[in-house]
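The numbers in my numbering rise by one with no breaks, and the one at position 23 of the sequence shown is 17.
The block underneath contains the structure these notes are about, expressed in C-alpha coordinates.
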Amino acid sequence: MRFSTAVAASAAFVAGANAWGNYTGPVYTTEVVTAYTTYCPEATEITHGGVTYTVTEATTLTITNCPCTITKPVSSAVVTSCTRYVFTRILVS
(Lines of atoms letter the chains of each structure in order from A and count residues from 1; the text may use other names and numbers.)
(Lines give C-alpha, C1' and ligand atoms only; values in the text may rest on other atoms or scores of the structure.)
Protein backbone atom coordinates (compact mmCIF):
# COMPACT_ATOMS: atom_id res chain seq x y z
CA MET A 1 0.00 0.00 0.00
CA ARG A 2 1.43 3.39 -0.95
CA PHE A 3 0.83 6.77 0.59
CA SER A 4 1.92 9.64 -1.65
CA THR A 5 2.87 12.83 0.07
CA ALA A 6 1.93 16.34 -0.92
CA VAL A 7 5.32 16.47 -2.61
CA ALA A 8 3.92 14.48 -5.54
CA ALA A 9 1.31 17.11 -6.37
CA SER A 10 3.73 20.00 -6.12
CA ALA A 11 6.37 18.04 -8.04
CA ALA A 12 3.94 17.56 -10.91
CA PHE A 13 3.24 21.30 -10.95
CA VAL A 14 6.95 22.15 -10.92
CA ALA A 15 7.65 19.58 -13.64
CA GLY A 16 5.01 21.24 -15.82
CA ALA A 17 6.51 24.67 -15.18
CA ASN A 18 9.94 23.36 -16.09
CA ALA A 19 8.65 22.38 -19.51
CA TRP A 20 8.37 26.09 -20.34
CA GLY A 21 12.10 26.70 -20.14
CA ASN A 22 12.79 27.66 -16.54
CA TYR A 23 14.41 24.33 -15.66
CA THR A 24 15.83 24.38 -12.14
CA GLY A 25 16.99 20.77 -11.80
CA PRO A 26 15.48 17.38 -11.06
CA VAL A 27 12.22 17.07 -9.13
CA TYR A 28 11.70 14.29 -6.61
CA THR A 29 8.69 12.67 -4.98
CA THR A 30 8.54 10.76 -1.71
CA GLU A 31 6.37 7.72 -1.00
CA VAL A 32 5.89 5.77 2.22
CA VAL A 33 5.29 2.08 1.50
CA THR A 34 4.52 -0.94 3.67
CA ALA A 35 6.89 -3.17 1.66
CA TYR A 36 9.52 -2.58 -1.02
CA THR A 37 10.25 -5.10 -3.78
CA THR A 38 13.12 -4.88 -6.24
CA TYR A 39 14.88 -7.22 -8.65
CA CYS A 40 18.60 -7.81 -8.18
CA PRO A 41 20.14 -9.29 -11.35
CA GLU A 42 23.37 -10.28 -9.56
CA ALA A 43 25.01 -10.44 -6.14
CA THR A 44 24.88 -7.11 -4.34
CA GLU A 45 24.29 -5.37 -1.03
CA ILE A 46 21.44 -2.95 -0.42
CA THR A 47 21.33 -0.71 2.63
CA HIS A 48 17.97 0.74 3.55
CA GLY A 49 16.92 2.23 6.87
CA GLY A 50 20.24 1.32 8.46
CA VAL A 51 19.87 -2.38 7.61
CA THR A 52 22.11 -4.06 5.01
CA TYR A 53 20.55 -6.79 2.88
CA THR A 54 23.01 -9.16 1.17
CA VAL A 55 21.97 -10.79 -2.09
CA THR A 56 24.20 -13.67 -3.23
CA GLU A 57 22.57 -14.40 -6.60
CA ALA A 58 19.90 -13.05 -8.95
CA THR A 59 16.65 -12.76 -7.03
CA THR A 60 13.62 -10.64 -6.25
CA LEU A 61 14.16 -8.99 -2.88
CA THR A 62 11.22 -7.85 -0.76
CA ILE A 63 11.93 -5.65 2.25
CA THR A 64 9.12 -5.89 4.78
CA ASN A 65 10.83 -4.12 7.68
CA CYS A 66 8.72 -1.03 6.94
CA PRO A 67 7.22 1.56 6.70
CA CYS A 68 9.88 2.50 4.14
CA THR A 69 10.31 6.00 2.76
CA ILE A 70 11.28 5.94 -0.90
CA THR A 71 12.47 9.07 -2.69
CA LYS A 72 12.63 8.91 -6.47
CA PRO A 73 12.85 11.34 -9.38
CA VAL A 74 9.69 12.46 -11.13
CA SER A 75 10.14 12.02 -14.83
CA SER A 76 8.04 12.59 -17.86
CA ALA A 77 8.82 12.50 -21.51
CA VAL A 78 7.08 13.28 -24.73
CA VAL A 79 8.17 11.19 -27.64
CA THR A 80 7.05 12.09 -31.11
CA SER A 81 7.78 9.74 -33.93
CA CYS A 82 6.90 10.58 -37.47
CA THR A 83 7.42 8.17 -40.29
CA ARG A 84 6.84 9.34 -43.80
CA TYR A 85 6.47 6.85 -46.56
CA VAL A 86 6.83 7.98 -50.13
CA PHE A 87 5.56 5.61 -52.74
CA THR A 88 6.69 6.03 -56.30
CA ARG A 89 4.80 4.38 -59.08
CA ILE A 90 6.84 3.51 -62.12
CA LEU A 91 4.88 2.93 -65.28
CA VAL A 92 6.57 0.89 -67.96
CA SER A 93 5.10 1.00 -71.43
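All C-beta atoms, glycine included, are put in the ideal place defined by N, C-alpha and C.
Taking Ala52 as reference, the option from Tyr22, Pro35 and Pro20 with the minimal CA-CA separation is Pro35.
The Cβ atoms of Leu55 and Thr32 lie closer than 7 Å to each other. Straight across, the Cα-Cα distance linking Thr28 with Tyr22 is about 20 Å. Residue range Cys62 to Pro67 is occupied by the beta strand (DSSP E) that includes Pro67. The residues Val49, Thr50 and Glu51, in chain order, have a CB closer than 7 Å to that of Ala37 in the same chain once the five nearest residues on each side in sequence are set aside.
Within its own chain, the residues whose Cβ lies closer than 6 Å to the Cβ of Thr65, once the five positions on either side in sequence are excluded, are Tyr22 and Thr24, listed in chain order.
In its chain, beyond the 5 residues on either side, Glu39, Ile40, Thr41, Leu55 and Ile57 have a beta carbon closer than 8 Å to the beta carbon of Tyr47.
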